[in-house]
Amino acid sequence: MYKNINIPQISTSKINLLDLNRKNLNTFLISLGAKKFATKQIMNWIYNHYSNNFDNMFNISMQIRNKLYKKSVIFASKFIEERISNDGTIKWITDINHQKIETVYIPEKKRATLCVSSQIGCALKCHFCATGQKKFQRNLKVSEIIAQIWQANKTLKKKNINNRITNIVFMGMGEPLLNLNNVVTALQIILDEYGFGLSKRRITLSTSGIVPALDKLRKMVDICLAISLHAPNDDIRNLIMPINKKYNINCVLNSAKKYIQYSYANRNGITIEYVMLKNINDSNNNAKQLAHLLKNIPSKINLIPWNSFLGSSFICSNINRINMFANILRDKGFTVMIRKNRGKDINAACGQLTGSKIINIINT
């Protein structure tokens with residue numbers, strides 16, 4: 002099963018409680034002499050009241066609060082910058098030791114999605130993705146992933162925005178499965194009824210297909226799965242996604258099929274993400290190849306109009322070509338969606354996140 006995070010030695014550093022899932026928090030609190038029910042009480046304060054002050058936790062004994070002050074902190078890295086799109090999308094930047102990550106809030110009529118990052122930079126270097134052109138720095142800690150959600154909820158509350166977060170997607174900066182243990186622990190907190198309490202069907206992890214990690218994931222946590230495929234054959238995928246030379250399409254899809262077999266969240270199929278690149282992967286024949294490739298994979302297909310970034314030579318397929326591509330797939334019996342480009346005017350759309358400096362410095 003999943004590998005628990007290692008709790009830091011109390012004598013050398015304070016523990017950030019945002020790094021701990023319920024099991025590890027319970028272990029830590031028992032080591033302080035707290036009763037078992039204190040775990041749920043403290044998680045309620047952290048994730049429902051957004052409290053990072055032990056003094057406010059009036060239903061926790063003074064003795065335990067004093068020990069918590071000495072041994073631990075509740076620290077959520079703050080948003081330092083914000084930009085709001087014309088379509089209502091909000092992009093926030095977090096500075097972590099002078100390195101930046103981005104988090105995107107996408108409101109709709111009946112839902113609101115938060116797109117979170119799992120790494121600083123990305124090692125996969127997909128040619129059509131701006132994040133992939135940034136140098137990989139490191140994996141995010143559990144607390145740095147959780148902080149994005151914690152601060153987003155707190156910020157929305159402060160702004161009196163009623164459209165609270167209903168869905169979370171791991172589609173921000175980085176490849177989530179290259180940070181497997183920390184991402185899984187963060188997912189456990191997101192799913193926990195005393196954490197953020199979201200349903201497994203409201204959380205999506207997008208991966209380019211790190212096969213060994215994907216094989217492990219199905220034994221660790223059940224959430225909605227999205228495969229960043231972007232090509233109907235290995236020749237094209239090798240050109241635009243270097244990771245395919247290590248884990249080719251068949252390896253990725255076979256691993257995804259195994260995940261589906263064990264998954265309740267994906268009982269209606271996984272999502273196949275496919276960026277539309279003019280004269281590269283968008284021909285009628287490419288659509289037919291994709292249909293053949295996915296004929297035995299329960300899935301829905303999400304066509305993504307490519308979003309430009311400085312220095313790239315790609316061109317987005319025009320809307321007529323995208324519609325024709327979609328119709329070929331629909332005629333083959335597939336459910337196909339064409340993704341709306343949200344936040345493009347603030348470089349918050351799919352594939353545009355880089356952690357670059359933006360305006361409107363804020364305090365949260």
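Counting in this note's numbering, the sequence shown runs from 2 upward without gaps. From the three backbone atoms N, C-alpha and C, an ideal C-beta is built for every residue, glycine too.
First and last residue of the alpha helix (DSSP H) that includes residue i?
| i | result |
| --- | --- |
| Cys252 | Ile250 to Gln262 |
| Ser144 | Val143 to Lys159 |
| Val212 | Val212 to Leu218 |
| Arg322 | Ile320 to Asp332 |
| Met338 | Run containing Met338: none in the alpha helix (DSSP H); it sits in the beta strand (DSSP E), Thr336 to Ile339. |
| Ala288 | Asn285 to Leu294 |
| Ile31 | Arg23 to Ser32 |
| Ile241 | Asp235 to Ile241 |
| Ala187 | Leu181 to Leu192 |
Less than 9 Å between the C-beta atoms of residue i and residue j, yes or no?
| i | j | result |
| --- | --- | --- |
| Leu254 | Leu304 | no |
| Thr95 | Ile107 | no |
| Asp216 | Ser256 | yes |
| Ile261 | Leu226 | yes |
| Trp93 | Ala187 | no |
| Ala292 | Leu230 | no |
| Gly344 | Ile162 | no |
| Val105 | Gly173 | yes |
| Ile150 | Leu178 | no |
| Tyr48 | Ile190 | yes |
| Phe171 | Leu206 | yes |
Looking only at its own chain, which residues have a Cβ that is under 6 Å from the Cβ of residue i, when we skip the five neighbours before and after it?
| i | result |
| --- | --- |
| Ile244 | Leu125 and Ser209 |
| Gly270 | Pro299, Ser300 and Lys301 |
| Ala148 | Ala77 and Ser78 |
| Ser73 | Lys15, Ile16 and Leu18 |
| Lys358 | Confidence is the limiting factor: at Lys358 the pLDDT is only 49, short of 50, which leaves the residue's position unreliable, though a coordinate-based value still follows. Taken in chain order, the list of residues that qualify is empty. |
| Ile46 | According to the sequence shown, residue 46 is Trp rather than Ile. Here the set comprises Ser52 and Met58. |
Give the secondary structure of residue i by DSSP, where H, G and I count as helix, E and B as strand, and everything else as coil.
| i | result |
| --- | --- |
| Asn267 | coil |
| Ala39 | helix |
| Trp93 | strand |
| Met2 | For Met2, the predicted structure reports a pLDDT of 28, less than 50, and the residue's modelled location is therefore unreliable. The matter cannot be settled from this model. |
| Pro108 | strand |
| Tyr51 | coil |
| Asn163 | coil |
| Leu199 | coil |
| Arg66 | helix |
| Asn57 | helix |
| Lys101 | strand |
| Asn245 | helix |
| Met277 | strand |
Going by beta carbon distance, what residues of the same chain come within less than 7 Å of residue i, once the five residues before and after it are set aside?
| i | result |
| --- | --- |
| Asp346 | Ser86 and Asn87 |
| Arg112 | Thr167 and Asn168 |
| Asn348 | none |
| Tyr263 | Arg219 |
| Leu21 | Phe29 |
| Lys289 | Ile329 |
Which residues in the same chain have their Cβ closer than 8 Å to the Cβ of residue i, if we skip the five residues on either side of it in sequence?
| i | result |
| --- | --- |
| Arg340 | Asn303, Leu304, Ile305, Pro306 and Cys351 |
| Met44 | Arg23, Leu26, Asp193, Tyr195 and Gly196 |
| Asp56 | Arg66 |
| Asn183 | Ile6, Ser119, Asn140, Leu141, Lys142, Val143 and Ile146 |
| Gly34 | Gln64, Ile65 and Lys68 |
In the DSSP assignment, the beta strand (DSSP E) including residue i goes from what residue to what residue?
| i | result |
| --- | --- |
| Asn375 | Because residue 375 is not part of the residues shown, which for the chain are 2 to 365, the question remains open. |
| Ser300 | Ser300 to Pro306 |
| Arg343 | Run containing Arg343: none; DSSP gives neither H nor E here. |
| Cys123 | Per DSSP, Cys123 belongs to no beta strand (DSSP E) and is neither H nor E. |
| Phe137 | Here Phe137 belongs to no beta strand (DSSP E), and DSSP marks it neither H nor E. |
For the pair the segment 270-283 and the segment 312-328, tell me if three or more CB-CB distances fall below 8 Å.
The segment 270-283 is in contact with the segment 312-328.
Is the segment 127-134 touching the segment 144-164, taking contact as three or more C-beta pairs under 8 Å?
Touching, no, given that fewer than three Cβ pairs across the two stretches are closer than 8 Å.
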